[in-house]
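Numbering of the sequence shown is given in this note's numbering, commencing with residue 7 and proceeding in unit increments.
We treat Cβ as the ideally placed atom computed from N, Cα and C, and that holds for glycine.
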Amino acid sequence: MKKIKLKKPALYGIYAGVFALLLAALYYVDFSNSNLYKDKEDEDFQYVSRLFGSEDVPVVSAGSNVMRPYTDSNVKVVQGFYNYKGTEKEQENSIINYDQTYIQNNGVAYGGIEGDFDVISSLAGTVTSVKEDKLLGNIVEIQNSDKVVTVYQSLSQVNVKQNDKVNQGDVIGKSGQSNMNKDLGSHVVFEIKVSGSYVNPEEYYDKNINEI
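Laid out in structure tokens, this is it:
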């Protein structure tokens, strides 16, 4: 077998080619690793961002204080909440007399002004029910938390529908009259249920929902 003897320029060319290939291989490995670390860093950053949120969104909501279901300062209580421990006069003023039947008021009726007035959402939440009742008028029920539900009765107009998300202070309808208690004129009956039990709204205004 005849040996082939390469000249020096050819050897130098081979060496240069091999060296170039080694450099290319090293560059590729370094580039791949840097992209791998970059993707990992981006993934970690996104995970942390999802975990803690942005600076504009607090980690724990401070909650909201219960508002009255109206904004007109002239609106007043026209029928109170029936309190088993209340005075005889208070209980008399919170009994509804309908068709010779006495019914305890589970909420507070607000009205006392001429014409209808805006009824607002006392707290933020999700509308769970909108229905029309022959005796009580239009009724809107809103789930405000796991424990708190607010109910608005005797509405003449309703601006929301089931499954709507409402913010605190949103106008959900207009006051109206009911066949249950026509003597009250235009009003809204506002009820608060905590863990399924009715409570006196007048005792809960300005309380934080997280404290209820």
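Assigned with DSSP and collapsed to three states, Glu138 falls in strand. DSSP places Glu98 in the uninterrupted alpha helix (DSSP H) bounded by Glu94 to Glu98.
Of Asp124, Asn214, Ser127 and Gln106, the smallest CA-CA separation from Asn187 is found for Gln106. Remark: C-beta atoms of Val194 and Tyr116 approach each other more closely than 8 Å. Rounded to the nearest angstrom, the gap between the Cα atoms of Asn214 and Ile119 is 29 Å. Distance from the CA of Gly179 to the CA of Tyr90, rounded to the nearest whole angstrom, comes to 31 Å. Annotated three-state conformation of Asp176 is coil, per DSSP. Residue range Val154 to Val164 is occupied by the beta strand (DSSP E) that includes Leu161.
Spanning the alpha carbons of Asp152 and Gln97 requires a straight line of approximately 30 Å. When the alpha-carbon of Val136 is set against those of Asp124, Ser203 and Val157, the nearest one is in Val157. When DSSP states are grouped into helix, strand and coil, Asn216 belongs to the helix group.
For Val172 against Val133, the beta-carbon gap comes to about 6 Å, under 8 Å, which counts as contact.
Going by DSSP, Phe196 is part of the beta strand (DSSP E) stretching over Val194 to Val200.
Under the three-state reduction of DSSP output, Glu120 falls in the coil class, being neither helix nor strand. Listed in chain order, the non-local C-beta contacts of Leu142 below 7 Å within the same chain comprise Gln159, Ser160, Ser184 and Met186, local neighbours out to five positions each way being set aside. With a beta-carbon spacing of about 12 Å, Val146 and Ser181 fall beyond the 8 Å limit used to define contacts. When DSSP states are grouped into helix, strand and coil, Lys167 belongs to the coil group.
Taking the Cβ atoms as the reference, Asn165 lies roughly 6 Å from Val177, within the contact range of under 8 Å.
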